[in-house]
Each structure stands twice: as C-alpha cells, then as structure tokens.
Amino acid sequence: MSSFRANRQHWNSISRAYQAEHDPQIGASPRLWGMYAIPDARLHALGEVAGRRVLELGCGAGQWSRSLAAEGAIVVGLDLSDAQLAAAASAMGAARFPLVQAAAEQIPFAPGSFDLVFCDHGGLSWAPPQLAVPEAARVLRRGGRLVFNATSPWFEVCYDSGSDRVTAGLRQDYFGLGAIAEDHGATSYQLTYGGCIRLLRGAGLVIDDLIEPRPGPGMRNGYARTDPPDWASRWPAEMLWIARKE
Ligand SMILES: C[S@@+](CC[C@H](N)C(=O)[O-])C[C@H]1O[C@@H](n2cnc3c(N)ncnc32)[C@H](O)[C@@H]1O
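2 is the number of the first residue of the sequence shown in the working numbering; add one for each residue after it.
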C-alpha cells in the first residue's frame, strides 16, 4: 500500500486540470479506449453489459461508467481520489450509479460480487499490480471477466525523458520496467508482457485475448507526444487484456 497516499494526493491535485484537458476526449462519445480514444465498437473488448454487475477500477470522472450505466449495466465506479470522484458525481447522468472511494489494492467487496471488472489506465496502472490483479480476480464471479487497458512496454521503453516524447529508439531497459515515478511522489506501474501473463494466470484467470489497439492515420494521442507522430500505427502504444475467471 506504499503508493496509496501519494497517488491520492497526486490525483486530488491534478484532477481539475486533467478533466479540463482530457474530458472532451474521454467523454466525447461512449466507450472510448485509451490515449487515442479508439471506439470499443472497433475493438470489441467489453461486450454486452446490460443487466451485468460491473466494477470500474479507477473510474476517474466516470466517463466509462456513465456510458455503461446508460446501457443498463449495474455499475459501481471505484476510485482513490476525492476530487476525481467529485468530478464523477457532478457529471453523472440520468442513469445513476454508486461511487466508492477505495484503492484497487484493497477492494471493499465480497468475493464473486461482479460479472465484469474493467479499467482504462485506471487502478491496474496506478496500484501495484501484484496486489490489484488478485483483488480484481477475487471480486469476480466464476466465468466473470477482467478487461483492462494499460500502456504497453513498447511505449514505455521508447520514452525519452530528455525530450519528453516517445521515440523510435530503445531508451529504457525492458527488464527494468516496474514502478514509475510520477509528480508529487506518486507512482504508476508498468508490467512486462511476461509479468502480466504470470500475474493473471497466478490469480486464477485464463487469458482470452490481448488486443493491441492501433489508431488509424491522423488519430491524435491526447496524452503524449510521439516522434514520429504516427508512432502508434507502427508500434502498439497500449495493451488491452481480456481474461476470465475459471
Ligand atoms: C488516468 S485515470 C483513469 C480514469 C479514466 N479512465 C481516465 O482515462 O481518465 C487514473 C485514475 O486512477 C485512480 N487511481 C490512482 N491510484 C489508484 C488506486 N490505487 N486505486 C484506485 N484508483 C486509483 C486515479 O484517482 C484516477 O482517477
């Protein structure tokens, strides 16, 4: 739980600016994945949710949860940050859903409570995955699915801190990936491909798919500069895992 407090502090202090900058992209239409806002209608990652019990782990301002609630899902939005949850509460639409303040490291629900646990650069990127993945698996029912999108190791390894952009060169050690220092003493977490497979399988999950979202030409990265600009149409910027509890 060592990054818990600093991460909450970090997200509380950046929430207003983050939403001002990114909400127009994240919330532009329902079900948009990741840095390039790729529609789920193209990736088919989440599937039908009407009537399903769904937990968004690190819901931020709730753009995803809001869409799924409107589709008839029984959604809970969980987040660590008071400010992010306040943004979610004030943006809630007609289809209302509960918001819970908690950490992905310690999910306050009984085993088997959900049919689907998911996030988009949420709790599985901002909590130690060795803690958060088993927790997500615990609250899934048998046959339930864990779907999460996170930055790819390619993107992180090619990130050049000097120019603050993702490049076409290898800048960091793949085997050194793990905890990443963020502003305000916060920490995010980057898994390797092998590390992720071992973690999911170790938590009793079967991997059904690894989608590598690929933006079309001209689709803009709303979060990071890349060199070349079409970087993510050549290399995978994100990894979207789909796993199921046995
Ligand atoms: C990049 S946002 C993701 C939310 C939304 N999908 C988006 O793109 O804005 C990361 C979210 O994770 C939350 N978060 C950070 N650490 C967390 C933790 N340990 N447990 C749960 N949520 C956490 C932050 O408060 C933030 O709202």
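Don't be surprised by glycine CBs; every beta carbon is placed ideally from N, CA and C.
Is L81 near ligand 1 - that is, is its Cβ less than 6 Å away from at least one heavy atom of it? yes
Unbroken stretches of the alpha helix (DSSP H), 4 residues or longer, contained in the segment 137-167: 154-158
Counting pairs of Cβ atoms below 8 Å between the segment 83-98 and the segment 125-136, do you hit three or more? no
Per DSSP, what are the beta-bridge partners of Q107 in this structure? A104
Determine the DSSP secondary structure at R221, reduced to helix, strand or coil. coil
Count the other CB atoms within 10 Å of the CB of F176; is the residue buried (16 or more) or exposed (fewer)? exposed
Measuring from the CB of Q26, is there a heavy atom of ligand 1 at a distance below 6 Å? no
For A180, verify whether its CB is less than 6 Å away from any heavy atom of ligand 1. no
Could you give the first and the last residue of the continuous alpha helix (DSSP H) run that contains C197? 194-203
Quick one: which unbroken beta strand (DSSP E) runs of 3-plus residues sit fully inside the segment 10-83? Chain order, please. 54-58, 75-80
Report back the beta-carbon spacing between D116 and R142 to the nearest angstrom; my notes put them in contact at under 8 Å. 6 Å
Is the beta carbon of T193 closer than 7 Å to that of P154? yes
Three-state class that DSSP yields for R6 in the structure shown: helix
Taking only the alpha-carbon atoms, compute the straight-line gap between P109 and G170 and give it to the nearest angstrom. 42 Å
Same chain, Cβ closer than 8 Å to E136, neighbours up to 5 away in sequence not counted: A105, E106, Q107, I108
Grab me the residues of R146's own chain with a C-beta within less than 6 Å of its C-beta, minus the 5 sequence neighbours each way, in chain order. L117, R245
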